[in-house]
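In our numbering, the protein residues as written are 1 to 112.
Below you can see the structure in the form of structure tokens.
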């Protein structure tokens, strides 16, 4: 998992994504183990980042189970155990997903 996360962060950084944040949610009450959030410079940059991730990660065996590409201001890629959110700056501030994920991360781990 850590290698996958580091690879995604590295790819996003290489292509000039900004303010990359990761949330390790393993053992928390959430749908994935890790969330990565990045800011794109503009909508076209967001699409370019997502396309680059698909191009680079699919040959490595990563599966994109779902992508939401309806709005250039907020793109989502579901890789099963990792969820990637690519926002434009205004939408990232507007939705403040970091606050929500921080609250989840601060919850006690699930006892299974």
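A virtual CB, placed ideally from N, CA and C, is assigned to each residue, including glycine.
Cross-strand partners of residue i (DSSP beta bridge)
| i | result |
| --- | --- |
| residue 10 | Paired residues: none, contrary to the question. |
| residue 22 | 36 |
| residue 75 | 86 |
| residue 68 | 76 |
Beta-carbon proximity check, residue i vs residue j, cutoff 8 Å
| i | j | result |
| --- | --- | --- |
| residue 39 | residue 87 | yes |
Best match in the options for proximity to residue i [C-alpha to C-alpha]
| i | options | result |
| --- | --- | --- |
| residue 65 | 71, 72, 57 | 57 |
| residue 113 | 89, 27, 3 | Nothing about residue 113 can be reported from this structure: the residues present for the chain run from 1 to 112 only. |
| residue 84 | 22, 3, 13 | 22 |
| residue 7 | 60, 30, 103 | 60 |
Contact set for residue i: own chain, Cβ-Cβ below 6 Å, skip 5 residues either direction
| i | result |
| --- | --- |
| residue 9 | 20 |
| residue 13 | none |
Own chain residues within Cβ distance below 7 Å of residue i, not counting five before or after
| i | result |
| --- | --- |
| residue 81 | 1, 32, 33, 34 |
- the segment 12-19 contacting the segment 48-55, beta-carbon criterion three pairs below 8 Å: In short, these stretches touch, since the Cβ pair count reaches three.
- Query: Is the segment 99-106 touching the segment 75-82, taking contact as three or more C-beta pairs under 8 Å?
  - Reply: Remark: fewer than three beta-carbon pairs, one from each stretch, lie closer than 8 Å, so the segment 99-106 and the segment 75-82 are not flagged as touching.
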